[in-house]
Each structure stands twice: as C-alpha cells, then as structure tokens.
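In structure tokens, the structure reads:
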C-alpha cells in the first residue's frame, strides 16, 4: 500500500499544457506523480499562471489524492466538463481538478506570446514550472517528452494528437522509428475534377502494424502534412487515405466513412499537375518512401487524365520507378482504400526466370494489363541486358542495356514497343543476358512472352 504524503511535492511534474484550445475556456494543465510508491495529497498545491495570484485547486472527480504514476488534469474553474470535449478523453484513472477562479489568468492563457505556468506548494515555493512557447495551432497542446527530465525547451514539443492527451501518457511517448518501405505511397490523385479532391493513398507494405501519428508527407519543396491527428494503428496490407477535402467520400461511394482516412487542414495538398516530389518521413526524420511522380507515367492510350489517378502496379515494388506506375483503369478514375485496378501480383520465383501472368492482355481493362518479369540469378551483381523480340527475330523492346543489377529483380512490362505503341497479339521472345561483374561468367535466358486480347 502506498504512503500518503503532503511533503513529497518534489515528485510532481508538469506534463502537458493546453494554452490554445479548440473550444471556449478549454485550457488545461496536466501534472504527473513520478513516484512508484508515494501518493501525494494535492490539497495544499496551487496553480500559478504568469504574474497572477496562485489559484487553489478544487476536486471535480476522484478527490485530491494523486496515486503513484498517475495523472491529474487541472481545468479552468468555469469549464463545463459534462458538455465539454475533454470528458470522454480523460480516463477514469485520472483525477480532474479545477481552479478556484474562473480563469488561469485574467482572461485565460495567452496563445500568442507564451508565458510561465507553475505549481506552487502551501508555502508559496515553486515545485515545477514551464515556459510555453505559444507556437501551436488551435487544439494542440505542449507535451513533455521525457517526464523524468527537466523542463528545458528541448524536452517539450507540440502534441501529435488534436485536443492533446489529458490524463494519459503523451502522444510523444514511445514513438517507434520505421525502416524504409514500411509504409509506401500507392496511389496519387494530383489532377481531380471539380467536386473531387487531391489525395494520396498509402499502403502498409510491412509485416507489422504502423503507428501513423508522427508521420509526415512532404509535397513539393515547401508543403508538409501530418498523416493523422489521432493515434491510429494501420495493420499490415491495409490502406490509408490522406485527402484535401471531404468531397472524396462523395466521389467514391464505397468509402463511406473509413477509419483509415484523414483530411489535411488546408484546401489543397499542393500536388502539381506537372509532377513533383513526395517524401514520407517518420517522427525522427527517417525516410520511409520517396518518389518524383510525373504526368508522363499515365498511359499513352488515355485521351484525358483529368480525375484519373496514378496507381502502383505493385505496392511492393520501387515507388520511384515510372515503370511501376500507370493510369487507373477503374471507371471511377481512382481506387482509394481499395486494391489498385492495375495491380499485378509478384508470384513466388520457382526458376531462374519467371513471367506472370503469361499470357497477359494489355488492353486497358484493368485485368492482367501488365506482366511481371522476375529473375533470380546466381551471381550477386551482374551486368544485365533485357530485350523482347517478335516471332521474326526483330527487336521490339529494349528494357535494359548493360545495367549493373542485383541478383533478384522484378520488372513490370506494359506490352508496348520502344515507340510506346501496343504490340500485336502473338508470341514474343523475352531475352535476358547476364555477365558477372566479377568473374565474367555469362548466361542467356529465353522465355516465351504471350500477348493476348479479348475476343
């Protein structure tokens, strides 16, 4: 059983400050009991804002005894807890207190100049204090990163979740870092029609869940957006949609109100119709995916690409390769939060060279429009030449000419010749020639490649 103490104020620390709330009178201050064993009696503790007189604390829920490793939330004296947005956010294990006057300061905490908030003991001595910076947007608090460290500016940062985390561990606690390609860009709508919105679809390409809070997408040279403003966990092989406007839900009726979707706080994601950079980073700045999309990635057979997204042929392949992207074939022009209309599966390699599907039908109907060429070579690094010949032995497509390659590679083929024109129905020959970058060993692989069409 823990000891109750009124003399152990030193175990109390400020852990969160909401000075720019999203609702009227919604400022709050959160404190935490660092002790593993002591329960602290808060009856003599006061809250002080700037140069105003200290405010006594009055219990609203749970009394005045703060147990070990527990939180207490201090609300303004006139805050309507029953109808305010914080009631469902604060867990039952947290105390809820209010100040003896209606406001923390004469008119609430400043959200433009920054100021000092303090905890004061019964003798008037400061227990803990924090000078907030006033650089937040409405609804985002300041959170202490490490509760056991001092209140330096480097140990506080803006909350990652809208409305903060009153009464529970901060959003900045235990944020994981992610490897490259754990989450990837899978679909881009950069030129929507009127009534639709720009969007970027992401795919969890890893074998583990991805915590979306803290992740950011950088679009172009100066725009960045949070993927989520709440603590969402995206399971493996699931999609997440980031759109500029709720109109996207009307354009794709099957969406409804998906759990894994977010809207940016501005009217546009600033996706240029001329193409541009997309860079996905985790909270620590690690790059998770990177590409420079181009309108040239659209199919040459599409008359107009307005309101038609770019889709990945396979989300597990390189995002930066234009050969892994093409125009959406779905009549709606996009497939947000659904498997891509031009998806081609990467079959398990069972031989040195595999082609799947084979035959394939590159007719733009969204079914087997592409084939995936896999080669698994004995050498770690080789010079590779990959070409396609017609039945008369004429070269129709030169994929790769003397390129250094790893032993395992996948290439997506769209059924076009070197001039960008569709090949006729028939049997073609895929030729892969390799020579070892070290030993000089050479190998030749030939495979039939069949192009079909619907009758």
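In our numbering, the protein residues as written are 4 to 458. Glycine included, each C-beta is placed from N, C-alpha and C at the ideal position.
query                                                                                                                                                 : result
What's the call for residue 274, buried or exposed, on a 16-neighbour Cβ count within 10 Å?                                                           : buried
Which partner residues of residue 286 appear in the DSSP bridge assignment?                                                                           : According to DSSP, which records beta bridges pairwise, residue 286 is partnered with nothing at all.
Between which residues of its own chain and residue 116 is the CB-CB distance below 8 Å, once the five residues before and five after are set aside?  : 137
With DSSP run on the structure shown, which of helix, strand or coil describes residue 251?                                                           : helix
Look up residue 429 in the DSSP assignment and give the residues it is bridged to.                                                                    : 454
What did DSSP end up calling residue 313 once you bin it into helix, strand or coil?                                                                  : strand
Need the endpoints of the beta strand (DSSP E) that residue 190 sits in, please.                                                                      : 186 to 192
Tell me, please, which residues DSSP counts as bridged to residue 296.                                                                                : 279
Check this for me: beta carbons of residue 203 and residue 216, under 8 Å apart or not?                                                               : no
Check whether the region 116 to 136 and the region 36 to 49 touch, using three or more Cβ-Cβ pairs below 8 Å as the test.                             : yes
Based on DSSP bridge pairs, tell me the residues matched to residue 357.                                                                              : 377
Determine the burial state of residue 151: buried for a count of at least 16 other Cβ atoms within 10 Å of its Cβ, exposed for fewer.                 : exposed
State the DSSP-derived secondary structure class of residue 257, mapped to helix, strand or coil.                                                     : helix
Would you list the one or two residues that DSSP bridges to residue 411?                                                                              : 379
If we count the other Cβ atoms within 10 Å of its Cβ and call it buried at 16 or more, is residue 148 buried or exposed?                              : exposed
Buried or exposed: residue 110, going by 16 or more other Cβ atoms within 10 Å of its Cβ?                                                             : exposed
Three Cβ pairs or more, each shorter than 8 Å: is that satisfied between the region 330 to 343 and the region 278 to 292?                             : no
According to DSSP, simplified to helix, strand and coil, what is residue 326?                                                                         : helix
Straight-line CA distance for residue 227 to residue 456?                                                                                             : 44 Å
Kindly indicate which residue of 146, 158 and 186 has the alpha-carbon position closest to the one of residue 174.                                    : 146
Measure the C-alpha to C-alpha separation of residue 423 and residue 310 and round it to an integer number of angstroms.                              : 23 Å
To the nearest whole angstrom, what separates the beta carbons of residue 369 and residue 403, a pair I think is in contact under 8 Å?                : Wrong, their Cβ atoms sit about 27 Å apart, outside the cutoff.
Got a sec? Which residues, its chain only, sit under 7 Å from residue 425 by beta carbon, not counting five neighbours each side?                     : 365, 418 and 419
Excluding five sequence neighbours on each side, which residues of the same chain lie with their C-beta closer than 7 Å to the C-beta of residue 371? : 360, 363 and 364
From residue 139 to residue 376, what does the alpha carbon distance come to, in whole angstroms?                                                     : 50 Å
In whole angstroms, what separates the C-alpha of residue 270 from that of residue 156?                                                               : 32 Å
What is the residue span of the beta strand (DSSP E) that residue 238 lies within?                                                                    : Note, residue 238: premise wrong, no beta strand (DSSP E); not H, not E.
Taking just the CA atoms, how far does residue 31 sit from residue 59?                                                                                : 15 Å
Taking all protein chains shown into account, decide if residue 79 is buried (16 or more other Cβ within 10 angstroms of its Cβ) or exposed.          : buried
Where residue 438 and residue 278 are concerned, what is the direct C-alpha to C-alpha distance, given to the nearest angstrom?                       : 36 Å
According to the Cβ coordinates, are residue 1 and residue 133 closer than 8 Å?                                                                       : Given that the chain is displayed from residue 4 to residue 458, the structure contains no residue 1 and the question cannot be resolved.
Grab the span of the beta strand (DSSP E) containing residue 132 for me, first residue to last.                                                       : 129 to 134
Quick check: residue 435 and residue 448, are their CB atoms within less than 8 Å of each other?                                                      : yes
Determine the contact status of residue 36 and residue 69, defining contact as a CB-CB distance below 8 Å.                                            : yes
With DSSP as the reference, label residue 14 as helix, strand or coil.                                                                                : helix
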